[in-house]
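Trainee:
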Amino acid sequence: MSEFQKNCTVRRVETLGCNLIRLTLEAPEIAGAVQPGQFVMVACGTNRDPLLRRPLSVHWADAEGTIQLLVRVVGRGTAALAQTRAGESLSLIGPLGRGFSLEASRPCLVGGGIGAAPLLLLAQRLAEQGLKPLVLLGAATAAEAHILQQAFQALGCSLALATDDGSLGHRGFVTELLSAQAAQADKLYACGPQPMMAAVARFGADRGIACEVSLETAMACGLGACLGCAIPDPGQPGAYRHVCKNGPVFLAGEVLWT
Amino acid sequence: MKAAVDLRVRLGAVELANPVMTASGTFGYGAEFAGLVKLSCLGAIVTKGISLAPKAGNPPPRVVETPAGMLNAIGLENVGIERFLQEKLPFLRQCGTKVVVNILGDSEEEYAELAARLAGAEGVDALEINISCPNVRHGGMAFGADPQMAAGVVRAVKRQASQPVIVKLSPNVTDIALMARAAEDAGADALSLINTLVGMAIDIRTRRPKLANRTGGLSGPAIKPVALRMVWQAAAAVQIPVIGIGGIATAEDAIEFLLAGASAVQVGTANFYNPQATAQIVDGIAAYLEEQGENSVQNIIGGLRDA
């Protein structure tokens, strides 16, 4: 695997509403190497404050060498990223970790909130294989759902939506959209809140459909050195795996669902 | 790198090409960083702490960011001596730099056995005894807080070791000079300090500790002034070389430690957010020496002037 530490010029910072921003960066090495589901470690703020980089999944990468990061502003690091201006540069390390496998013929992608971020690049790569993924998207509101709706539709995905407030699509959890059509899938991909991924994992296990999930934890380095991003290994009680190297994408069976 | 200045330093019988080392637990087993920094530029790589049996480590959450620093409670997760020798050491051998193996145990006997296993191992240039980890119940810091216990571990390791022995000291003591002298008297070839400071963070919404271990070790730029003071005190208390550790992120930081009496430095948390930190510090020290008209790094070690 090849990874890069690069200062990348910010081409665009879009404020999308719903506390979401989309960063477009010139990162040819990373764009060329990234697999869907992989992440970058991004230095936020000035003068190393906050101190640690933030792990962010790659939302989009194109042949022109740009990548996009879809970021929810939740704390000091992401707030600093939201202050970035076009023309400035950000230090990125990546691409890191294990991404999604592209072995599928009838893929179903399930995304909840900001968890949908890595699924767009996945949908794009699956579409390149001539597939038409089924995408189930959960969002808080119609406004949030609209942010990603068109991007998935532009890739030819067939899309079903759920919103917490019922302002668009199904009112309720995105997992309530897992029905007959999803049961026809031969591969489930999920990224979002833990209970959502647990429900998708269960749906797949009950029907014998392979399922991959993308996890998020706090981590200091993203390189397998700090060992901070440990998660329990269901195969070996008392042992741990690491989200940065063994993941962030895991088979559902590799995760201890609580 | 310029050849004009001599960056070589000695730690007992080992000569380093320059005084910049990595700190244990922040650089994995070296291979993790091979794609991001030129390992042959480093003075030495210090491995993740190795125990006799593999250790799984503590439950998560294990890390939390704090102002200008971080708390960790990893719990000494490591592959154990067997897998280290089989799987990790071969890579380290061909990195073109010195290799220091950090060892840890629950008893004097375990430390001694580790030293015996590593004695004569090709590609192991020195041992660093970890008697200062704050995140495990037994061993670790218990040895580092008691001068007699520390001396016992050092003597046990020295009896077995074929390489120079560095003793890594805890800052969580009242009198660092006392601990430094105890390690020196027991036969240590060098000292390294400081390990992390015991700290804590609380989530006020859940009213729970942010770390599953409740407490953890504080590292990063936040601890540098404390580390510098303790290195200065330890260097004044002993004749053996002292390695400065604690919040070093830039060449300026490293030079402060050298002036305070450190013969070398270890870079820790900075590796996490800037994997190229060590190589940049090597270049920065060389540039400083040139600018100061010094032809050797030896000229500034302990060169602190009166206030």
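So the protein sequences, as listed, match chains V and Y. Numbered by the numbering used here, the letters in the first sequence go through residues 943 to 1200 in order. Numbered by the numbering used here, the letters in the second sequence go through residues 68 to 374 in order. For each residue, glycine too, the CB sits at the ideal point set by N, CA and C. Computed from a prediction, not measured in an experiment: that's the story for all the values here.
Compute every distance between the C-beta of Val-234 of chain Y and the non-hydrogen atoms of the ligand GTP, then say whether any falls below 8 Å.
Mentor: Of the ligands one can find in the structure shown there are none, so the ligand GTP has no counterpart to examine.
Trainee: Here's the rule: buried if 16 or more other CB atoms are within 10 angstroms of the residue's CB, otherwise exposed. What is Arg-995 of chain V?
Mentor: Along the first sequence, read from residue 1 onward, the residue named residue 995 of chain V stands at position 53. Buried.
Trainee: Exposed or buried, which one is Val-76 of chain Y when buried takes at least 16 other CB atoms within 10 Å?
Mentor: Stepping through the second sequence from its first residue, residue 76 of chain Y is reached at position 9. Burial call: buried.
Trainee: Output the boundary residues of the alpha helix (DSSP H) element that contains Val-955 of chain V.
Mentor: Within the first sequence, the letter at position 13 stands for residue 955 of chain V. Here Val-955 of chain V belongs to no alpha helix (DSSP H); instead the beta strand (DSSP E) covers 946-959.
Trainee: What residues are listed by DSSP as bridge partners for Leu-1051 of chain V?
Mentor: Along the first sequence, read from residue 1 onward, the residue named residue 1051 of chain V stands at position 109. Its beta-bridge partners are V:Val-1077 and V:Tyr-1131.
Trainee: Rounded to whole angstroms, what's the CA-CA distance from Thr-951 of chain V to Gln-977 of chain V? Just pull it up for me.
Mentor: As a working note, residue 951 of chain V is residue 9 in the first sequence. As a working note, residue 977 of chain V is residue 35 in the first sequence. Near 21 Å, if we compare the C-alpha coordinates of Gln-977 of chain V and Thr-951 of chain V.
Trainee: Please name the residue in Y:Ser-286, Y:Gly-147 and Y:Ile-243 whose C-alpha comes closest to that of Ala-212 of chain Y.
Mentor: As a working mapping, residue 212 of chain Y is identified with position 145 in the second sequence. Minimum Cα distance to Ala-212 of chain Y is reached at Y:Ile-243.
Trainee: For a cutoff of 9 Å on Cβ pairs, would you count Ala-975 of chain V as touching chain Y?
Mentor: Walking along the first sequence from the start, residue 975 of chain V turns up at place 33. Answer no: the Cβ-Cβ gap between Ala-975 of chain V and chain Y never drops below 9 Å.
Trainee: Using only alpha-carbon positions, find the residue among V:Ala-1081, V:Leu-1097, V:Phe-1115 and V:Ser-1121 that is nearest to Cys-960 of chain V.
Mentor: Within the first sequence, residue 960 of chain V is the residue found at index 18, counting from 1. Measuring from the Cα of Cys-960 of chain V, the nearest candidate turns out to be V:Ala-1081.
Trainee: Based on Cα-Cα distance, which residue from V:Met-1138, V:Phe-981 and V:Ala-1127 lies nearest to Gly-1150 of chain V?
Mentor: For this step, residue 1150 of chain V is matched to residue 208 along the first sequence. Minimum Cα distance to Gly-1150 of chain V is reached at V:Ala-1127.
Trainee: So what does DSSP say about Pro-970 of chain V, is it helix, strand or coil?
Mentor: The residue given as residue 970 of chain V occupies position 28 in the first sequence. It is helical.
Trainee: Determine whether the Cβ of Ile-972 of chain V lies closer than 9 Å to any Cβ atom of chain Y.
Mentor: Taking the first residue of the first sequence as position 1, residue 972 of chain V is located at position 30. So, not an interface residue.
Trainee: Along the chain, where does the alpha helix (DSSP H) that runs through Lys-235 of chain Y open and close?
Mentor: Numbered from 1 along the second sequence, position 168 holds the residue referred to as residue 235 of chain Y. Careful: Lys-235 of chain Y lies outside any alpha helix (DSSP H), inside the beta strand (DSSP E) at 232-235.
Trainee: Per DSSP, His-1001 of chain V forms a beta bridge with which residues?
Mentor: Here residue 1001 of chain V is taken as the residue at index 59 of the first sequence, counted from 1. DSSP lists no partner for His-1001 of chain V.
Trainee: In chain V, which residues lie with their C-beta within 8 Å of the C-beta of Arg-226 of chain Y?
Mentor: On the second sequence, position 159 is the one that residue 226 of chain Y refers to. Residues of chain V passing the Cβ test: none, with the nearest at roughly 31 Å.
Trainee: Under a Cβ-count criterion, where at least 16 other Cβ atoms within 10 Å of its own Cβ denotes burial, should Asp-192 of chain Y be classed as buried or exposed?
Mentor: In the second sequence, residue 192 of chain Y corresponds to position 125, counting from 1. By the 10 Å Cβ count, Asp-192 of chain Y comes out buried.
Trainee: When we look at the beta-carbon of Asn-280 of chain Y and count the other beta-carbons within 10 Å, is it buried (16 or more) or exposed?
Mentor: Residue numbering aside, residue 280 of chain Y sits at position 213 when the second sequence is read from its first letter. In the assembly as shown, Asn-280 of chain Y is a buried residue. Its beta-carbon has 16 or more other beta-carbons within 10 Å.
Trainee: Specify whether the region 287-307 of chain Y and the region 258-271 of chain Y touch according to this definition: at least 3 beta carbon pairs, one from each stretch, less than 8 Å apart.
Mentor: Touching, yes.
Trainee: Take every Cβ of the region 1096-1115 of chain V, pair it with every Cβ of the region 1165-1178 of chain V, and state whether three or more of those distances are shorter than 8 Å.
Mentor: no
Trainee: Taking the straight line between their C-alpha atoms, what separation do you get for Met-983 of chain V and Ala-1059 of chain V?
Mentor: Counting from 1 along the first sequence, the entry for residue 983 of chain V is found at position 41. Counting from 1 along the first sequence, the entry for residue 1059 of chain V is found at position 117. Going from the Cα of Met-983 of chain V to the Cα of Ala-1059 of chain V covers about 15 Å.
Trainee: For Leu-119 of chain Y, which residues in the same chain have their Cβ closer than 7 Å to its Cβ, ignoring the five residues on either side in sequence?
Mentor: One-based indexing of the second sequence puts residue 119 of chain Y at position 52. The beta carbon of Leu-119 of chain Y sits closer than 7 Å to those of Gly-147, Ile-148, Gly-172, Glu-177, Glu-180 and Leu-181, all from its chain and outside the five residues before and after it, given in chain order.
Trainee: Please list the residues of the region 1141-1170 of chain V that have a C-beta atom closer than 9 Å to any C-beta atom in chain Y, keeping them in chain order.
Mentor: Thr-1159, Ala-1160, Met-1161, Ala-1162, Cys-1163, Gly-1164, Leu-1165, Gly-1166, Ala-1167, Cys-1168, Leu-1169 and Gly-1170
Trainee: Taking 9 Å as the threshold (beta carbon to beta carbon), is Arg-1014 of chain V in contact with chain Y?
Mentor: The sequence position of residue 1014 of chain V within the first sequence is 72, counting from 1. By this cut-off, Arg-1014 of chain V is not an interface position.
Trainee: Tell me whether Gln-359 of chain Y sits in a helix, a strand or coil according to DSSP, three-state version.
Mentor: Residue mapping note: residue 359 of chain Y aligns to position 292 of the second sequence, counting from 1. Note: Gln-359 of chain Y maps to coil in three-state DSSP.
Trainee: Write down the C-beta distance between Thr-89 of chain Y and Val-113 of chain Y rounded to the nearest angstrom, noting that I regard them as a contact closer than 8 Å.
Mentor: Position 22 of the second sequence holds residue 89 of chain Y. Position 46 of the second sequence holds residue 113 of chain Y. The Cβ separation is near 5 Å, so the contact holds.
Trainee: Which residue from V:Gly-1057, V:Leu-1044 and V:Cys-1050 puts its Cα closest to that of Arg-1067 of chain V?
Mentor: The residue given as residue 1067 of chain V occupies position 125 in the first sequence. Residue V:Leu-1044 is the option with its Cα nearest to Arg-1067 of chain V.
Trainee: Is Val-1077 of chain V closer than 9 Å to Gly-1053 of chain V when the C-beta atoms are compared?
Mentor: Here the question's residue 1053 of chain V lines up with position 111 in the first sequence. Here the question's residue 1077 of chain V lines up with position 135 in the first sequence. Yes, Cβ-Cβ distance for Gly-1053 of chain V and Val-1077 of chain V is below 9 Å.
Trainee: Taking all protein chains shown into account, do 16 or more other C-beta atoms lie within 10 angstroms of the C-beta of Gly-360 of chain Y, making it buried, or fewer, making it exposed?
Mentor: The sequence position of residue 360 of chain Y within the second sequence is 293, counting from 1. Under this definition Gly-360 of chain Y is an exposed residue.
Trainee: In chain Y, which residues lie with their C-beta within 8 Å of the C-beta of Gln-1136 of chain V?
Mentor: Within the first sequence, the letter at position 194 stands for residue 1136 of chain V. Chain Y residues near Gln-1136 of chain V: none, gap ~13 Å exceeds 8 Å.
Trainee: Counting only the same chain and skipping the five closest in sequence on each side, list residues whose C-beta sits under 8 Å from that of Val-240 of chain Y.
Mentor: Position 173 of the second sequence, counted from the first residue, corresponds to residue 240 of chain Y. The residues are Gly-211, Ala-212 and Met-246.
Trainee: Grab me the residues of Gly-979 of chain V's own chain with a C-beta within less than 6 Å of its C-beta, minus the 5 sequence neighbours each way, in chain order.
Mentor: Start at 1 with the first residue of the first sequence, and residue 979 of chain V comes out as number 37. Once the five neighbours on either side are set aside, the close Cβ partners of Gly-979 of chain V are Gly-1041, Phe-1042, Pro-1060, Ser-1156 and Val-1191.
Trainee: Since Pro-342 of chain Y sits in a beta bridge, which residues does DSSP pair it with?
Mentor: Here the question's residue 342 of chain Y lines up with position 275 in the second sequence. Answer is none; Pro-342 of chain Y lacks a bridge partner.
Trainee: Val-65 of chain Y and Glu-195 of chain Y: beta carbons closer than 9 Å?
Mentor: Residue 65 of chain Y cannot be examined here, being either before or after the span of chain Y that is shown, 68 to 374.
Trainee: Any beta-carbon of chain Y closer than 9 Å to the one on Glu-901 of chain V?
Mentor: Chain V is shown from 943 up to 1200; residue 901 of chain V falls before or after that span and cannot be answered.
Trainee: Under DSSP, the alpha helix (DSSP H) around Ile-170 of chain Y begins and ends at which residues?
Mentor: On the second sequence, residue 170 of chain Y is found 103 positions in, with the first residue counted as 1. No alpha helix (DSSP H) contains Ile-170 of chain Y, which is instead part of the beta strand (DSSP E) from 165-170.
Trainee: Going straight from the alpha carbon of Thr-93 of chain Y to that of Leu-1097 of chain V, what length do you get?
Mentor: Counting from one through the second sequence, the residue named residue 93 of chain Y turns up at place 26. Counting from one through the first sequence, the residue named residue 1097 of chain V turns up at place 155. If you take the alpha carbons of Thr-93 of chain Y and Leu-1097 of chain V, they lie about 42 Å apart.
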